[in-house]
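Numbering (full-length UniProt numbering), first residue to last: 1 to 684.
Glycine included, every Cβ here is placed at the ideal spot set by N, Cα and C.
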Amino acid sequence: MNIVPPVAPKHPTKLEKHGDVRIDDYYWMNNREDQQVLDYLNAENEYYQKMTAHTVKFQEDLFQEMKGRIKEDDSSVPYKLDGYWYITRYEEGKEYPIYTRKKETLEAEEELMFDCNQMAEGFEYFNLRGVSISPDNTLAAFATDTVSRRQYNIQVKNLQTGEIYPDIIENTTGSSVWANDGKTLFYTKKDPVTLRSDKIFKHVLGKPSAGDELIFHEKDSTYNTFVYKTKSRKFIVIGSTSTLTSEYRFLDANEPNGEFKIFSPREKGVEYSISHFDGNFYVLTNKDKATNFKLMVADEDHTSSDNWKEFIPHREDVLLEDVEIFKDYYVLSERENGLNQMKISRWDGSDSYYLPFDSETYVAGPSVNLDFDTKELRYYYNEMGSPYAIIDFNMETKTKKVLKEQEVLGGKFDKNNYKTERLWATARDGVKVPISLVYHKDTPLDGTSPLLQYGYGSYGATIDPYFSSVRLSLLDRGFIYAIAHIRGGEYLGRPWYEDGKLLHKKNTFTDFIDCSKFLIEQKYTSTAHLYAMGGSAGGLLMGAVINMEPELYRGVIAGVPFVDVITTMLDDTIPLTTGEYDEWGNPNEKEYYDYIKSYSPYDNVERKAYPNMYVSTGLHDSQVQYWEPAKWVAKLREYKTDDNLLFLDTNMDAGHGGASGRFEALKETAKEYAFILDLEGKAH
Numbered sequence: 001m002n003i004v005p006p007v008a009p010k011h012p013t014k015l016e017k018h019g020d021v022r023i024d025d026y027y028w029m030n031n032r033e034d035q036q037v038l039d040y041l042n043a044e045n046e047y048y049q050k051m052t053a054h055t056v057k058f059q060e061d062l063f064q065e066m067k068g069r070i071k072e073d074d075s076s077v078p079y080k081l082d083g084y085w086y087i088t089r090y091e092e093g094k095e096y097p098i099y100t101r102k103k104e105t106l107e108a109e110e111e112l113m114f115d116c117n118q119m120a121e122g123f124e125y126f127n128l129r130g131v132s133i134s135p136d137n138t139l140a141a142f143a144t145d146t147v148s149r150r151q152y153n154i155q156v157k158n159l160q161t162g163e164i165y166p167d168i169i170e171n172t173t174g175s176s177v178w179a180n181d182g183k184t185l186f187y188t189k190k191d192p193v194t195l196r197s198d199k200i201f202k203h204v205l206g207k208p209s210a211g212d213e214l215i216f217h218e219k220d221s222t223y224n225t226f227v228y229k230t231k232s233r234k235f236i237v238i239g240s241t242s243t244l245t246s247e248y249r250f251l252d253a254n255e256p257n258g259e260f261k262i263f264s265p266r267e268k269g270v271e272y273s274i275s276h277f278d279g280n281f282y283v284l285t286n287k288d289k290a291t292n293f294k295l296m297v298a299d300e301d302h303t304s305s306d307n308w309k310e311f312i313p314h315r316e317d318v319l320l321e322d323v324e325i326f327k328d329y330y331v332l333s334e335r336e337n338g339l340n341q342m343k344i345s346r347w348d349g350s351d352s353y354y355l356p357f358d359s360e361t362y363v364a365g366p367s368v369n370l371d372f373d374t375k376e377l378r379y380y381y382n383e384m385g386s387p388y389a390i391i392d393f394n395m396e397t398k399t400k401k402v403l404k405e406q407e408v409l410g411g412k413f414d415k416n417n418y419k420t421e422r423l424w425a426t427a428r429d430g431v432k433v434p435i436s437l438v439y440h441k442d443t444p445l446d447g448t449s450p451l452l453q454y455g456y457g458s459y460g461a462t463i464d465p466y467f468s469s470v471r472l473s474l475l476d477r478g479f480i481y482a483i484a485h486i487r488g489g490e491y492l493g494r495p496w497y498e499d500g501k502l503l504h505k506k507n508t509f510t511d512f513i514d515c516s517k518f519l520i521e522q523k524y525t526s527t528a529h530l531y532a533m534g535g536s537a538g539g540l541l542m543g544a545v546i547n548m549e550p551e552l553y554r555g556v557i558a559g560v561p562f563v564d565v566i567t568t569m570l571d572d573t574i575p576l577t578t579g580e581y582d583e584w585g586n587p588n589e590k591e592y593y594d595y596i597k598s599y600s601p602y603d604n605v606e607r608k609a610y611p612n613m614y615v616s617t618g619l620h621d622s623q624v625q626y627w628e629p630a631k632w633v634a635k636l637r638e639y640k641t642d643d644n645l646l647f648l649d650t651n652m653d654a655g656h657g658g659a660s661g662r663f664e665a666l667k668e669t670a671k672e673y674a675f676i677l678d679l680e681g682k683a684h
């Protein structure tokens with residue numbers, strides 16, 4: 001049976017900038033309402049479904065296998081806040097969480113706050129977030145999104161009577177914070193076109209939201225704004241951040257009608273964040289070229305940067321990521337040589353020590369620590385080959401209690417069956433790039449095994465070597481899984497990020513390729529069995545590496561890929577664009593235009609052979625618009641000279657994060673895994 005792929009109509013559009021003319025044959029796809037666009041997306045979906053019909057049962061088997069490892073009637077580790085224990089739990093056969101609480105002890109009667117299964121009825125997509133409890137524990141602000149555009153409506157529920165108040169605040173980020181009077185709510189609204197969070201409003205319960213007072217408007221389109229309350233409960237804080245610069249304003253939480261005061265005015269390139277304790281603010285900052293950040297201190301009444309005093313100095317080889325503040329202790333989250341560390345110190349200086357970790361492929365960090373007056377630090381820990389645990393550590397007695405270990409059901413999992421390694425590949429400029437690996441102990445390391453190499457490498461986001469029960473479906477079928485910690489992330493500190501952005505962006509792509517070549521040289525795999533995977537900005541990575549070295553990979557999975565970089569970065573009506581100039585560069589300047597154009601995947605598709613490819617997107621994606629992957633696939637279809645598979649799979653209901661139910665998302669992973677397992681002849 002000869003199934004013919006769809007051919008997208010060409011309507012040439014002339015795009016000109018800096019005297020450079022690009023002809024975009026598929027520019028017309030950027031109209032979500034156009035029937036021709038919907039027809040094309042549906043034709044691609046139909047082609048994908050016909051071409052993979054033989055794997056449908058296998059996809060379902062994979063889905064059931066992945067789902068079968070997950071404890072369905074699971075619940076979170078309870079955390080305490082203001083005299084209540086808060087618990088999120090799931091019930092068997094249900095997609096969505098149930099939020100509950102218990103007063104004072106875990107033996108108390110359960111109070112139901114939100115059953116998202118009931119709330120989601122009648123919606124294809126549902127997400128609840130931003131639950132915020134009033135200071136007297138009687139009210140909960142909460143937010144819902146039923147479209148998957150990350151635009152949330154905030155409402156308030158009376159937890160004693162169950163009544164949901166008529167106040168509805170539309171088009172917000174979902175987060176809100178109560179003033180100490182228990183009736184004033186501060187929240188963040190989004191620009192309806194760009195979806196940039198740009199305004200902070202004040203809402204008083206019982207008054208119409210149309211009359212809410214605008215407290216702050218962030219007019220600079222490269223910044224986003226947000227609002228929160230300090231852990232000490234004393235201040236409400238408004239933050240404004242761009243990729244490189246931050247600024248905060250603060251207000252006494254007892255004075256909701258007062259004026260916010262600027263903490264320290266923004267200075268280009270100076271990032272800072274603030275925590276409050278005992279009359280002082282602690283400031284995590286890169287001020288004075290502290291590339292890997294340092295901790296400074298300022299008193300409440302003199303907060304501008306010329307009053308900051310050094311508390312923890314800058315270190316060349318240690319990235320200071322965060323500080324967690326308690327009444328008697330503070331905890332520093334650090335990263336040295338790529339590995340997480342946690343340092344616990346008493347405020348009085350009488351004790352200071354690191355938590356001991358002894359693996360090279362682990363993830364650890366603070367968990368939910370909302371309680372200020374406690375000796376217990378709650379943290380999470382997992383290794384790439386063994387499930388995560390939530391641990392309470394008593395900072396005084398130095399004893400730990402494992403509260404919960406992730407259960408992997410199905411009866412087959414034994415962590416002793418998996419091996420993990422950390423390798424160092426040498427990039428073409430001599431830099432050593434780390435790779436974290438996990439595989440089944442019976443998998444041969446002689447070049448014959450299939451390997452899936454994952455990468456991201458943008459925004460300073462670090463992809464840590466975390467455990468995944470879903471990934472076992474690959475490992476148990478002989479796959480090696482590798483995370484390439486390429487430049488553009490922050491695995492090796494802030495300079496690692498700086499060296500993979502703007503006019504150094506190509507280091508991200510060449511690092512990934514050089515890691516691939518290293519894994520082949522070291523006989524972990526071969527070009528016949530090597531697969532690459534990335535999503536969003538990691539999808540840009542996929543697009544770039546297959547333009548540069550298509551013959552290296554047997555197959556590529558690109559999820560919601562950001563591939564039309566130059567056109568998107570020139571369109572400031574698209575959500576997130578202007579805030580991205582510090583990451584990619586502003587193509588309105590010729591130097592950046594030329595550099596971005598030299599790697600933008602869509603602009604560099606050539607007449608040559610490409611690997612097998614599975615590309616996914618969501619029609620309502622607000623982060624990476626669906627037309628980027630759609631245009632890219634259409635152009636690849638036109639240009640590629642091979643007979644390899646090329647699929648575009650568009651979710652016509654969901655956005656950037658994919659499906660909303662906890663199991664629905666596994667169906668998307670099952671499609672991806674089925675694609676590469678089928679290429680390996682293992683789709684059974």
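Exercise. Note the first and the last residue of the continuous beta strand (DSSP E) segment covering Ser6.
Key: Inspection of the sequence shows that residue 6 is occupied by Pro rather than by Ser. No beta strand (DSSP E) holds Pro6; DSSP gives it neither H nor E.
Practice problem: Throw me the rounded Cβ distance for the Lys671 and Gln59 pair, which I believe falls under 8 angstroms. | Solution: About 6 angstroms separates the beta carbon of Lys671 from that of Gln59, a gap short enough to meet the 8 angstroms contact definition.
Quiz item: Who are the Cβ neighbours of Leu214 in its own chain at under 7 angstroms, not counting the five residues just before and after it?
Solution: Result list for Leu214: Lys199 and Phe201, in chain order.
Quiz item: Under the three-state reduction of DSSP, which class applies to Ile574: helix, strand or coil?
Solution: Three-state DSSP puts Ile574 in coil, outside helix and strand.
Quiz item: From Ile274 to Phe467, what distance separates their C-alpha atoms?
Solution: Taking the straight line from one Cα to the other gives about 31 angstroms.
Quiz item: Smallest Cα separation from Tyr388: which of Thr52, Lys401, Glu407 and Leu370?
Solution: The closest CA to that of Tyr388, considering only Thr52, Lys401, Glu407 and Leu370, is found on Glu407.
Quiz item: Counting pairs of Cβ atoms below 8 angstroms between the stretch 336-345 and the stretch 279-294, do you hit three or more?
Solution: No, because fewer than three Cβ pairs between the stretch 336-345 and the stretch 279-294 fall closer than 8 angstroms, the two stretches do not touch.
Practice problem: Report the three-state DSSP secondary structure of Ser473 (helix, strand or coil). | Solution: Three-state DSSP puts Ser473 in a helix.
Quiz prompt | Cα-Cα separation between Lys432 and Phe518, rounded to whole angstroms | solution = Answer to the nearest angstrom: the Cα atoms are 11 angstroms apart.
Self-check item: the stretch 357-377 in contact with the stretch 303-316 per 3-pair CB rule at 8 angstroms
Solution: Contact fails: fewer than three Cβ-Cβ distances are below 8 angstroms.
Quiz item: What's the gap between the Cα of Glu405 and the Cα of Ile390?
Solution: Taking the straight line from one Cα to the other gives about 7 angstroms.
Quiz item: Tell me the DSSP bridge mates of Ala544?
Solution: Paired residue(s): none; Ala544 is not in a bridge.
Self-check item: Option in Asp136, Thr105, Phe142 and Glu104 with minimal Cα separation from Cys116
Solution: Checking every option, the nearest Cα to that of Cys116 belongs to Phe142.
Quiz item: Looking at the unbroken alpha helix (DSSP H) that takes in Arg249, where does it start and where does it end?
Solution: From DSSP, Arg249 is part of no alpha helix (DSSP H) but of the beta strand (DSSP E) over Ser246 to Asp252.
Quiz item: For Asp582, which of helix, strand or coil comes out of DSSP?
Solution: In the three-state reduction of the DSSP assignment, Asp582 falls in the helix class, which pools H, G and I.
Quiz item: Which whole-angstrom value is the C-beta distance of Thr144 and Tyr125, which I expect to be below 8 angstroms?
Solution: With a Cβ gap of about 10 angstroms, Thr144 and Tyr125 do not count as contacting.
Practice problem: Would you mind stating whether Gln36 and Pro9 have Cβ atoms separated by less than 9 angstroms? | Solution: In this structure, Pro9 lies closer than 9 angstroms to Gln36 by Cβ.
Quiz item: Do the stretch 637-655 and the stretch 583-595 make contact, defined as three or more Cβ pairs closer than 8 angstroms?
Solution: With a cut-off of 8 angstroms, the stretch 583-595 and the stretch 637-655 do not count as touching, because too few Cβ pairs lie within range.
Quiz item: Straight-line CA distance for Ser333 to Glu44?
Solution: Each residue's alpha carbon lies about 46 angstroms from the other.
Quiz item: Is it the case that the Cβ atoms of Tyr380 and Ser367 are separated by a distance below 9 angstroms?
Solution: Yes, these two residues count as a Cβ contact at 9 angstroms.
Self-check item: Residue closest to Ile325, alpha-carbon to alpha-carbon, out of Gly488, Trp308, Leu295 and Arg335
Solution: The shortest C-alpha separation from Ile325 is found at Leu295.
Exercise. Under 8 angstroms by Cβ, that's how I've got Thr508 and Arg487 pegged, so tell me the actual separation to the nearest angstrom.
Key: The Cβ separation is near 6 angstroms, so the contact holds.
Quiz item: Mind checking whether Asn254 and Ala179 have CB atoms under 9 angstroms apart?
Solution: Taking 9 angstroms as the Cβ cut-off, Asn254 and Ala179 qualify as a contacting pair.
Practice problem: Taking Trp178 as part of the beta strand (DSSP E), name the residues at either end of that continuous run. | Solution: Judged by DSSP secondary structure, Trp178 falls within the beta strand (DSSP E) whose first and last residues are Ile169 to Trp178.
Quiz item: When we look at the beta-carbon of Pro450 and count the other beta-carbons within 10 Å, is it buried (16 or more) or exposed?
Solution: Buried, because 16 or more other Cβ atoms sit within 10 Å of the Cβ of Pro450.
Self-check item: Local Cβ density within 10 Å of Val560, reported as buried at 16 or more and exposed below that
Solution: It is buried - the Cβ of Val560 has at least 16 other Cβ atoms within 10 Å.
Quiz item: Pairing CB atoms from the stretch 269-283 with CB atoms from the stretch 244-258, are three or more of them under 8 angstroms?
Solution: Segments in contact, yes.
Quiz item: Contact check, Gly130 vs Ser175 under 8 angstroms by CB: the rounded distance?
Solution: Contact annotation, Gly130 with Ser175: C-beta distance approximately 4 angstroms; criterion of less than 8 angstroms satisfied.
Quiz item: Less than 9 angstroms separating the beta-carbons of Val565 and Ile596?
Solution: Contact flag set, yes.
Self-check item: Proximity below 9 angstroms, CB of Asn604 to CB of Asn651
Solution: Cβ atoms of Asn604 and Asn651: not closer than 9 angstroms.
Quiz prompt | Contacts around Gly493, its chain only, beta-carbon distance under 6 angstroms, and the 5 residues preceding and following it disregarded | solution = Contacts found: Asn292 and Leu319.
Self-check item: Assigned exposure category for Phe512 - 16 Cβ within 10 Å defines buried
Solution: Buried.
Practice problem: Return yes when the Cβ of Lys640 is within less than 9 angstroms of the Cβ of residue 689, no when it is not. | Solution: What the structure shows of the chain is the stretch from 1 to 684, and residue 689 is not part of that stretch, so it cannot be assessed.
Quiz item: Along the chain, where does the alpha helix (DSSP H) that runs through Tyr592 open and close?
Solution: Counted as a single uninterrupted DSSP element, the alpha helix (DSSP H) harbouring Tyr592 occupies residues Lys590 to Tyr599.
Exercise. For Ala141, write down the residues that DSSP places opposite it in a beta bridge.
Key: Ala141 pairs with Ser132 and Val156.
Quiz item: If we call anything under 9 angstroms between Cβ atoms a contact, is Met119 one with Thr100?
Solution: The answer is no: Cβ separation not under 9 angstroms.
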